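Q: Before I ask anything, here is the structure I am working with.
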Amino acid sequence: MKSLVRRLTIRSRLALLCAAVVALGIVAASVVAWVAARETLRAQIDASLGLPTMVRSVQLDGSAEPPGATRVELPADLAARLCQDVPLAAEEERLIANVQVILPGGEVCSPGRETPILQPTADELAVAVDGSGQVLRDAVDSNGDDVRVLTRPLEDGTAVQTVRSLQEVNTTLDRLAWILGLASGLGVLLAALTGWYVARTTLRPVERVADAAEHVAATDDLSVPLTYDAAAGGAPRDEVARLTTAFNAMTTRLAASRARQQQLVVDASHELRTPVTSLRTHVEWLMRADDRGRPLSPEERRRVGRAVLGQVEELTDLVAELGEIARGGAADAVVPVRLDEVALRAVDRAQRRDPARRLDIDVAPGSPVAGDPAALERAVVNLLDNALKFSDGPVGLSVRDQAVTVSDRGPGLPAEERAAAFERFWRSAGARELPGSGLGLAIVADVAERHGGAAFFRPRAGGGSEVGFTVGAPVGAPVAVPAR
């Protein structure tokens, strides 16, 4: 059964669920209505059983007569007259039409009948013998009809049985059962149709999302925007609208990520061509010199070797930076980090590369931030390398208020080029002959963005530039990692 339900669509499940819930409600209400009607009708029958014998000789329990009851004076020898076929007055015959008398010996008198209406039980015979108590029960009369019987004692040592047919009650209840059953069936059918319609209407946007996802999976086409009727002002109102919005945001970010990846491949191919071509040129020069029988002098070989080694180092740095860019927001570890400690480690790395250069350090201890220590250190190293490359004078490093700033006394950049300084593979006109890949500051901007901050490039008072980044993620907060 469970496997069958699992194979159904959500629309079918919702329709079945609505039908089942309504069916339970209708069936419960129908049963309650039928039982209430049955009890009401039987209570009316029970109340009517006592009216014909509401005479002074029957009021044995001392209870008051019901309001509106008609007191009829019957002769004290009523039982004897019933059992001896003594003619009765018209009023008496009307009252005893459904009455029979039980004598103390167990004999039953049913006036006007050859056989009793029904045979008394042992409990009913005891009422006549003891002269006390009463018995109310369902029975079947001599004609096979369902009846309701009330047996009560009379003062003369006999008991009177009043009988009422249940045929009309049963017919009414049967008719009511058919009506309730038909109404229940129609209600369940209507509930199923309503559930199917509501499910179909509600799930139509979900089907569009599913169709779009299948289209993306089959065609790799991410340009599939979805629309949904939202509330006034365009804000999503419900879960389906949120799903649609999230799907559109996902495909948009995936498309942007793919475009960036494709652009990265194109740019990387272009940038790798230069060092690879240079390496090939130097290797071919060595080979041609040997082939012609004019080997290079030791000094020329050392010069070529240094050039090749420089190109290899440049190629190595480029590959490393491409890897850093490609890994994007995949942080190695997000832990509490102190920027002053990260900056000092970066200074050690920079000074090992160029021990002769002067670095002015102004680092103040600050509050820890949540971040990736390796990525932050890489960003500071890139800032220092950039400053050391474009400036012959001292380079300054400052860490204040969750901001890292590296200053130099180099030529700087015109205002119109500063915004492009953090783009991948961008290099100013004066730096194209210098070593580098154009990825260092792009990595700085990427790290800053991942840590809730931003990179900046501004002129330094007195000449030169100030380049750095800020972080804004406090300890305990997740680092926002943009899609790549």
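Mapping the sequence shown onto UniProt numbering, position 215 (from 1) lands on 215, and the numbers just tick up by one.
For glycine and all other residues, C-beta sits at the position ideal for the given N, C-alpha and C.
Since the model is a prediction, treat every value here as computed from it, not as a measurement.
1) Measuring only the C-alpha atoms, how far is E284 from T244?
2) Who pairs with T405 in a beta bridge, going by DSSP?
3) Beta-carbon separation of V240 and V206 under 8 Å?
4) Kindly give me the distance between the Cβ atoms of V467 and V406, rounded to whole angstroms, as I take these residues to be in contact under 8 Å.
5) Between which residues of its own chain and I26 is the CB-CB distance below 7 Å, once the five residues before and five after are set aside?
6) Quick one: Cα of L254 to Cα of L222, how far?
7) Tell me, to the nearest whole angstrom, how far the beta carbon of P373 is from that of D340; I am working on the premise that it is less than 8 Å.
8) According to DSSP, simplified to helix, strand and coil, what is residue 486?
9) With a threshold of 16 other CB atoms inside 10 Å of the CB of H215, please say whether the residue is buried or exposed.
10) On the DSSP bridge assignment, give the partners of D146 in chain order.
11) For my contact list, E300 and R345 are in at a C-beta cut-off of 8 Å; report their separation, rounded to the angstrom.
12) Report the three-state DSSP secondary structure of P153 (helix, strand or coil).
13) Skipping 5 residues on each side, what residues in its chain have a beta carbon closer than 7 Å to that of A232?
14) Looking at the unbroken beta strand (DSSP E) that takes in V347, where does it start and where does it end?
15) Note down the Cα distance separating residue 557 from G133, rounded to an integer number of angstroms.
16) Give me the residue from P116, V22, G472 with the minimum Cα distance to V337.
17) According to the Cβ coordinates, are V265 and H282 closer than 8 Å?
18) Are the CB atoms of G396 and D360 within a distance shorter than 8 Å?
19) So V447 packs on F469, CB below 8 Å; how close in whole Å?
20) Three-state secondary structure (DSSP) at A128?
21) Do three or more CB pairs link the segment 157 to 164 to the segment 192 to 199 at distances below 8 Å?
22) Starting from S110, trace the beta strand (DSSP E) both ways and give me its first and last residue.
23) Taking Q44 as the reference, which of A212, A350, S165 has the closest Cα?
24) Any idea if A249 is buried or exposed, counting beta-carbon neighbours within 10 angstroms, 16 or more meaning buried?
25) If I follow the unbroken alpha helix (DSSP H) through L238, where does it start and stop?
26) Count the other CB atoms within 10 Å of the CB of D174; is the residue buried (16 or more) or exposed (fewer)?
27) Going by beta-carbon coordinates alone, are D46 and R148 separated by less than 8 Å?
28) With distances taken from CA atoms, which of R460, D385, T219 is nearest A415?
29) Over what stretch of residues does the beta strand (DSSP E) that includes R458 continue unbroken?
30) Under 8 Å between the Cβ atoms of R409 and S391?
31) Tell me whether residue 496 sits in a helix, a strand or coil according to DSSP, three-state version.
32) Anyone know if the C-beta pair for A15 and A192 falls short of 8 Å?
33) Can you tell me whether P336 is helix, strand or coil according to DSSP?
34) Is DSSP giving Q100 helix, strand or coil here?
35) Shortest alpha-carbon distance to D123 belongs to which of T194, R137, E39?
36) Determine the contact status of V312 and R349, defining contact as a CB-CB distance below 8 Å.
A: So, from the data block:
1) Counting from 1 along the sequence shown, the entry for residue 284 is found at position 284. Counting from 1 along the sequence shown, the entry for residue 244 is found at position 244. Each residue's Cα considered, the two are about 59 Å apart.
2) Taking the sequence shown and counting its residues from 1, one reaches residue 405 at position 405. For T405, which the question treats as bridged, DSSP gives the partners S398, G468.
3) Translated into the one-based positions of the sequence shown, residue 240 becomes position 240. Translated into the one-based positions of the sequence shown, residue 206 becomes position 206. Against a cut-off of 8 Å, the Cβ pair of V206 and V240 comes out as a contact.
4) The residue labelled residue 467 in the question sits at position 467 within the sequence shown. The residue labelled residue 406 in the question sits at position 406 within the sequence shown. Correct: roughly 6 Å between the Cβ atoms.
5) As a position in the sequence shown, residue 26 is number 26, starting the count at 1. Once the five neighbours on either side are set aside, the close Cβ partners of I26 are S184, G187, V188.
6) Locating residue 254 in the sequence shown gives position 254, where the first residue counts as 1. Locating residue 222 in the sequence shown gives position 222, where the first residue counts as 1. About 7 Å.
7) Taking the first residue of the sequence shown as position 1, residue 373 is located at position 373. Taking the first residue of the sequence shown as position 1, residue 340 is located at position 340. Not quite, the Cβ-Cβ distance comes to about 12 Å (not below 8 Å), so this is no contact.
8) Because the chain here runs from 1 to 484, residue 486 falls outside it and cannot be looked at.
9) As a first step, residue 215 must be located in the sequence shown, where it is residue number 215. Answer is exposed; the Cβ neighbour count stays below 16.
10) Translated into the one-based positions of the sequence shown, residue 146 becomes position 146. D146 pairs with V140.
11) Counted from its first residue, the sequence shown places residue 300 at position 300. Counted from its first residue, the sequence shown places residue 345 at position 345. The pair is not a contact, with the Cβ atoms about 41 Å apart (cut-off 8 Å).
12) Taking the first residue of the sequence shown as position 1, residue 153 is located at position 153. Reduced to three states, the DSSP call for P153 is strand.
13) Numbered from 1 along the sequence shown, position 232 holds the residue referred to as residue 232. Residue confidence for A232 is low, a pLDDT of 38 falling below 50, so the modelled location carries little weight and cannot support an answer.
14) For the purposes of this step, residue 347 is taken as residue 347 along the sequence shown, with counting starting at 1. Segment 339 to 353 is the alpha helix (DSSP H) holding V347; no beta strand (DSSP E) there.
15) Because the chain here runs from 1 to 484, residue 557 falls outside it and cannot be looked at.
16) By 1-based counting over the sequence shown, the position of residue 337 is 337. Among P116, V22, G472, the Cα nearest to that of V337 is on G472.
17) Walking along the sequence shown from the start, residue 265 turns up at place 265. Walking along the sequence shown from the start, residue 282 turns up at place 282. Taking 8 Å as the cut-off, the beta carbon of V265 is found no closer than this to the beta carbon of H282.
18) The count along the sequence shown starts at 1 and reaches residue 360 at position 360. The count along the sequence shown starts at 1 and reaches residue 396 at position 396. Result yes, Cβ atoms of D360 and G396 sit closer than 8 Å.
19) The residue labelled residue 447 in the question sits at position 447 within the sequence shown. The residue labelled residue 469 in the question sits at position 469 within the sequence shown. The beta carbons of V447 and F469 sit about 7 Å from each other, so the pair counts as a contact at 8 Å.
20) As a working mapping, residue 128 is identified with position 128 in the sequence shown. Correct three-state label for A128: helix.
21) no
22) Translated into positions along the sequence shown, residue 110 becomes position 110. Element bounds for S110: n/a, residue is neither H nor E.
23) Taking the sequence shown and counting its residues from 1, the one referred to as residue 44 is at position 44. Considering only alpha carbons, the answer is S165.
24) Counting from one through the sequence shown, the residue named residue 249 turns up at place 249. It counts as exposed.
25) Along the sequence shown, read from residue 1 onward, the residue named residue 238 stands at position 238. First, the residue type needs correcting, since residue 238 is Asp and not Leu in the sequence shown. Note, D238: premise wrong, no alpha helix (DSSP H); not H, not E.
26) Sequence index remark: in the sequence shown, residue 174 carries index 174 (1-based). Classification for D174: exposed.
27) In the sequence shown, counting from the first residue as 1, residue 46 sits at position 46. In the sequence shown, counting from the first residue as 1, residue 148 sits at position 148. Yes.
28) Your numbering for residue 415 matches position 415 in the sequence shown. Nearest C-alpha to A415: R460.
29) By 1-based counting over the sequence shown, the position of residue 458 is 458. Its beta strand (DSSP E) spans residues 455 to 459.
30) Position 409 of the sequence shown, counted from the first residue, corresponds to residue 409. Position 391 of the sequence shown, counted from the first residue, corresponds to residue 391. R409 is a Cβ neighbour of S391, given a cutoff of 8 Å.
31) Nothing about residue 496 can be reported from this structure: the residues present for the chain run from 1 to 484 only.
32) Taking the first residue of the sequence shown as position 1, residue 15 is located at position 15. Taking the first residue of the sequence shown as position 1, residue 192 is located at position 192. Between A15 and A192, the C-beta gap is smaller than 8 Å, which places the two residues in contact.
33) For the purposes of this step, residue 336 is taken as the residue at position 336 of the sequence shown. Assigned with DSSP and collapsed to three states, P336 falls in strand.
34) If you number the sequence shown from 1, residue 100 lands on position 100. Three-state result, Q100: strand.
35) Translated into the one-based positions of the sequence shown, residue 123 becomes position 123. Looking at T194, R137, E39, the one whose alpha-carbon comes closest to that of D123 is R137.
36) In the sequence shown, residue 312 corresponds to position 312, counting from 1. In the sequence shown, residue 349 corresponds to position 349, counting from 1. Going by C-beta atoms, V312 is not nearer than 8 Å to R349.
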